[in-house]
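Undergrad:
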Amino acid sequence: MNKKGGIFYGWWIVAAAFLIMTFIYAPIANLVSLFTLPVTKELGFSSSQFMLYFTIMSLAAMATGPFAGKLMKKMDVRVYLTLFISISALAFIGFSFSTKLIHFYLFAILMGAGLSGGAMIPGSVLITNWFNEKRGLCLGIALAGSGFGGVIMSPVVNWLISAYDWRTAYLVIGILIAVILIPLAVFVIRLHPADKGLAPLGEAPSSDVVQNKVLAGATQGETFKSVSFWALCAAILIGGIVVNAMLINLAPYLASIGTTAKTAALLLSLGSAMVIIGKLLVGRLFDKLGLITTVFLISASSLVSFLFLMKANVVAPAVLYTIFSGIGSTAVTVTPAYLTGTLYGEKEYGAKYGVVSIFISLGAATTPVISGAIFNISHSYSLLLNVLIGLAIVQFVLFFIASKTKPEFDPVEEIQPQEAM
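In the working numbering, the protein residues as written are 179 to 599.
Written out as structure tokens, the structure reads:
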């Protein structure tokens with residue numbers, strides 16, 4: 179049967195993936211700014227010197243992605259996840275003992291490996307393996323853990339820094355990662371439904387052959403030779419710039435147009451909540467409306483968010499900006515994971531998504547340079563906003579090309595003739 183005790187086991191996989199995003203992805207990607215001032219003030223670094231670790235981390239995540247995608251297929255998933263979760267925990271614990279810039283830069287390499295191999299790759303691979311039906315919704319739920327982590331951990335980290343110091347905050351995060359996630363990796367997570375004698379949700383189970391199923395999809399080689407795959411990667415790269423450019427420039431932009439401090443604080447608070455809602459909504463839209471309609475809505479939402487941002491000195495447009503940007507931000511979260519499985523199948527999914535993850539990281543890593551160069555042309559954010567509107571259109575065109583030129587493969591999973599052991 180596909181259910182035990184009335185609950186499909188895959189929902190425990192979703193919960194585990196959600197917690198991985200909460201305790202690994204969120205602290206690495208969403209809580210950076212909380213540490214910048216206390217670390218630089220105590221150790222005497224400049225902000226730019228300290229923040230270089232984030233670029234190093236992003237580059238390490240890019241390098242780890244393809245390797246992690248292949249390694250996850252070859253290793254027992256319990257060993258694989260324990261390894262990368264431990265690496266993530268060690269990175270934060272290492273930060274807590276760091277006294278020189280080189281220490282932060284070295285542990286940033288581990289942090290990037292943990293981010294990619296411990297959070298970005300496993301969450302998407304696990305949901306794709308366990309769910310044929312409701313896949314978009316489950317990806318949305320799992321990946322929403324990053325936003326949830328930002329909401330719940332931000333006040334906790336703030337309190338730890340204020341009551342103790344930044345070293346204690348880093349140490350506590352590292353301990354939480356190890357204590358909460360390693361037991362999940364060992365006792366809960368399984369790579370395939372067949373490991374529990376089940377079939378993916380939405381597929382009729384067959385007890386005789388469930389262990390001998392060959393996943394449907396284009397091979398890694400066929401996928402990498404297609405125009406579709408590289409159009410998808412280009413769309414994700416551009417999407418990274420579209421999503422991140424105004425996020426990293428939001429505070430100075432709001433100040434430049436006369437937005438009040440109260441409105442700015444409201445936007446920052448609403449932004450985290452809307453990222454969660456956006457992931458859940460878009461995951462459901464992929465299941466209900468299909469690929470083309472949903473990626474159009476995502477790209478259109480980014481475009482509309484920039485139009486509202488132009489008037490963000492007024493409360494109503496400012497709030498609407500957060501709503502539409504939350505939906506648009508899924509271009510680099512739910513969308514890459516969903517499209518990789520939908521366009522190229524489940525066969526060798528980890529290896530394919532490992533390469534896709536390079537472009538997710540590359541978009542984030544290059545955004546500060548590109549947005550800064552555009553701003554310096556006119557020393558005004560107006561040009562940057564107009565460029566981002568154009569890029570949102572290009573993003574949709576590339577997603578459309580990727581969907582229309584995907585390699586052909588038999589959508590029916592093959593079954594090996596041997597009986598399952």
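Just so you know, even glycine gets a beta-carbon here, dropped at the ideal spot from N, CA and C. From a predicted model like this one, the values you see are computed outputs, not experimental measurements.
Could you tell me the distance, in whole angstroms, from the CA atom of G352 to the CA atom of I358?
TA: In the sequence shown, the residue the question calls residue 352 occupies position 174. In the sequence shown, the residue the question calls residue 358 occupies position 180. Their backbone Cα atoms lie some 10 Å apart in a straight line.
Undergrad: Counting C-beta neighbours from all protein chains within 10 Å, is the total for T471 16 or more, i.e. buried, or is it exposed?
TA: Position 293 of the sequence shown holds residue 471. Counting Cβ neighbours within 10 Å, T471 comes out exposed, since fewer than 16 surround it.
Undergrad: Give a yes or no on whether the C-beta atoms belonging to F273 and Y348 are separated by under 7 Å.
TA: Within the sequence shown, numbered from 1, the residue matching residue 273 stands at position 95. Within the sequence shown, numbered from 1, the residue matching residue 348 stands at position 170. Cβ distance < 7 Å, so F273 and Y348 count as in contact.
Undergrad: Label E311 either buried or exposed according to how many other C-beta atoms from any shown protein chain fall within 10 Å of its C-beta, with 16 as the threshold for buried.
TA: Here residue 311 is taken as the residue at index 133 of the sequence shown, counted from 1. It counts as exposed.
Undergrad: Pick helix, strand or coil for L379, following the three-state DSSP scheme.
TA: In the sequence shown, the residue the question calls residue 379 occupies position 201. Strand at L379.
Undergrad: Measure the beta-carbon distance from M199 to G301 and round it to whole angstroms, keeping in mind my assumption that it falls under 8 Å.
TA: Counting from one through the sequence shown, the residue named residue 199 turns up at place 21. Counting from one through the sequence shown, the residue named residue 301 turns up at place 123. Confirmed, about 6 Å.
Undergrad: Go through its chain and collect everything with a Cβ distance to P495's Cβ below 6 Å, but skip five positions before and after it.
TA: On the sequence shown, residue 495 is found 317 positions in, with the first residue counted as 1. These residues qualify, in order along the chain: F486, K489.
Undergrad: Skipping 5 residues on each side, what residues in its chain have a beta carbon closer than 7 Å to that of L321?
TA: The residue given as residue 321 occupies position 143 in the sequence shown. Only M199, G301, K457, T511, V512 meet the Cβ criterion.
Undergrad: With I367 and A246 assumed to form a contact (beta carbons below 8 Å), what rounded beta-carbon distance in angstroms separates them?
TA: The residue labelled residue 367 in the question sits at position 189 within the sequence shown. The residue labelled residue 246 in the question sits at position 68 within the sequence shown. Incorrect: roughly 15 Å between the Cβ atoms, too far for contact.
Undergrad: Kindly list the residues whose CB is nearer than 7 Å to the CB of P514, restricted to its own chain and excluding five residues on each side of it in sequence; keep chain order.
TA: What you label residue 514 is simply residue 336 of the sequence shown in a count that begins at 1. Around P514: I414, V534, I538.
Undergrad: Measuring alpha carbon to alpha carbon, tell me which of L576, I185, V497 ends up nearest L376.
TA: Here residue 376 is taken as the residue at index 198 of the sequence shown, counted from 1. If we check each option's Cα against that of L376, I185 comes out closest.
Undergrad: Rounding to the nearest angstrom, what Cα-Cα distance links K251 and I271 in this structure?
TA: For the purposes of this step, residue 251 is identified with residue 73 of the sequence shown, where counting begins at 1. For the purposes of this step, residue 271 is identified with residue 93 of the sequence shown, where counting begins at 1. One C-alpha to the other measures close to 28 Å.
Undergrad: From L230 to A372, what distance separates their C-alpha atoms?
TA: By 1-based counting over the sequence shown, the position of residue 230 is 52. By 1-based counting over the sequence shown, the position of residue 372 is 194. Roughly 43 Å between the two C-alpha positions.
Undergrad: Leaving out the 5 sequence neighbours to the left and right, which residues in its chain are closer than 6 Å to L481 when beta-carbon positions are compared?
TA: The residue given as residue 481 occupies position 303 in the sequence shown. Excluding residues within five positions, the ones whose Cβ falls inside 6 Å are I567, A570.
Undergrad: Pick out the complete alpha helix (DSSP H) segments inside the region 416–482, 4 residues or longer, and give them in chain order.
TA: Runs of the alpha helix (DSSP H) inside the region 416–482: 428–434, 439–467.
Undergrad: In chain order, which alpha helix (DSSP H) runs of at least 4 residues are fully inside the region 506–552?
TA: Entirely contained in the region 506–552, the alpha helix (DSSP H) runs reaching 4 residues are, in chain order, 512–522.
Undergrad: Which value, in whole angstroms, describes the spacing of the CA atoms of R313 and G328?
TA: Locating residue 313 in the sequence shown gives position 135, counting from the first residue. Locating residue 328 in the sequence shown gives position 150, counting from the first residue. Approximately 24 Å, taken between the alpha carbons.
Undergrad: So is V547 buried or exposed if we call it buried at 16+ other beta carbons inside 10 Å?
TA: Translated into the one-based positions of the sequence shown, residue 547 becomes position 369. Classification for V547: exposed.
Undergrad: Just to confirm, is the Cβ distance from F326 to I501 under 7 Å?
TA: Within the sequence shown, residue 326 is the residue found at index 148, counting from 1. Within the sequence shown, residue 501 is the residue found at index 323, counting from 1. Result no, Cβ atoms of F326 and I501 do not sit closer than 7 Å.
Undergrad: Looking at V335 and L212, is the spacing between their C-beta atoms short of 7 Å?
TA: For the purposes of this step, residue 212 is taken as residue 34 along the sequence shown, with counting starting at 1. For the purposes of this step, residue 335 is taken as residue 157 along the sequence shown, with counting starting at 1. Closer than 7 Å, so yes.
Undergrad: Suppose you measure from the CA of V492 to the CA of G550; what does that come to, to the nearest Å?
TA: Within the sequence shown, residue 492 is the residue found at index 314, counting from 1. Within the sequence shown, residue 550 is the residue found at index 372, counting from 1. In a straight line, the C-alpha of V492 is about 26 Å away from that of G550.
Undergrad: Give the C-beta separation of G532 and I299 to the nearest angstrom, bearing in mind that I take them to be a contact with Cβ-Cβ under 8 Å.
TA: As a working note, residue 532 is residue 354 in the sequence shown. As a working note, residue 299 is residue 121 in the sequence shown. Their Cβ separation, rounded to whole angstroms, is 6 Å, which keeps G532 and I299 in contact under 8 Å.
Undergrad: Secondary structure at G395, three-state DSSP: helix, strand or coil?
TA: For the purposes of this step, residue 395 is taken as the residue at position 217 of the sequence shown. Note: G395 maps to strand in three-state DSSP.
Undergrad: Just grab the DSSP bridge partners of F574 for me.
TA: Reading the sequence shown from its first residue, position 396 is the one you call residue 574. DSSP, once it has assigned bridges, lists no residue as partnering F574.
Undergrad: If E526 sits next to T397, beta carbons under 8 Å apart, how far is it from one beta carbon to the other, in whole angstroms?
TA: Position 348 of the sequence shown, counted from the first residue, corresponds to residue 526. Position 219 of the sequence shown, counted from the first residue, corresponds to residue 397. Contact holds; Cβ gap of about 6 Å.
Undergrad: Where does F309 sit, in a helix, a strand or coil, going by DSSP?
TA: Sequence index remark: in the sequence shown, residue 309 carries index 131 (1-based). F309 falls in the strand class under three-state DSSP.
Undergrad: Could you say which of R256, I339, G417 lies nearest to S544 if we only look at CA atoms?
TA: Taking the first residue of the sequence shown as position 1, residue 544 is located at position 366. The residue you asked about is not Ser; residue 544 is Thr in the sequence shown. For T544, the nearest C-alpha among the options comes from G417.
Undergrad: What residue range does the alpha helix (DSSP H) around Y231 cover?
TA: The residue labelled residue 231 in the question sits at position 53 within the sequence shown. Here the alpha helix (DSSP H) through Y231 covers 225–252.
Undergrad: Evaluate F553 with the Cβ neighbour count: other Cβ atoms within 10 Å of its Cβ, from every protein chain shown; 16 or more gives buried, anything less gives exposed.
TA: Indexing the sequence shown from 1 puts residue 553 at position 375. The residue is buried, with at least 16 neighbouring Cβ atoms inside 10 Å.
Undergrad: Which residue's Cα is closest to the Cα of G380: N208, N307, L563, A297?
TA: For the purposes of this step, residue 380 is taken as the residue at position 202 of the sequence shown. Selected option, being the one with the closest Cα: N307.
Undergrad: Would you be able to state if there are at least three C-beta pairs under 8 Å between the region 462–477 and the region 576–588?
TA: Enough Cβ pairs lie closer than 8 Å, so yes.
Undergrad: Output yes or no for whether 7 Å exceeds the beta carbon distance between S225 and T233.
TA: For the purposes of this step, residue 225 is taken as the residue at position 47 of the sequence shown. For the purposes of this step, residue 233 is taken as the residue at position 55 of the sequence shown. Not a contact, by the Cβ cut-off of 7 Å.
Undergrad: Between S479, S560, V572, L369, which has its C-alpha nearest V303's C-alpha?
TA: Within the sequence shown, numbered from 1, the residue matching residue 303 stands at position 125. Comparing Cα-Cα distances from V303 to each of S479, S560, V572, L369, the minimum goes to L369.
Undergrad: Grouping DSSP H, G and I as helix and E and B as strand, with all else coil, what is V303?
TA: Taking the sequence shown and counting its residues from 1, one reaches residue 303 at position 125. Note: V303 maps to helix in three-state DSSP.
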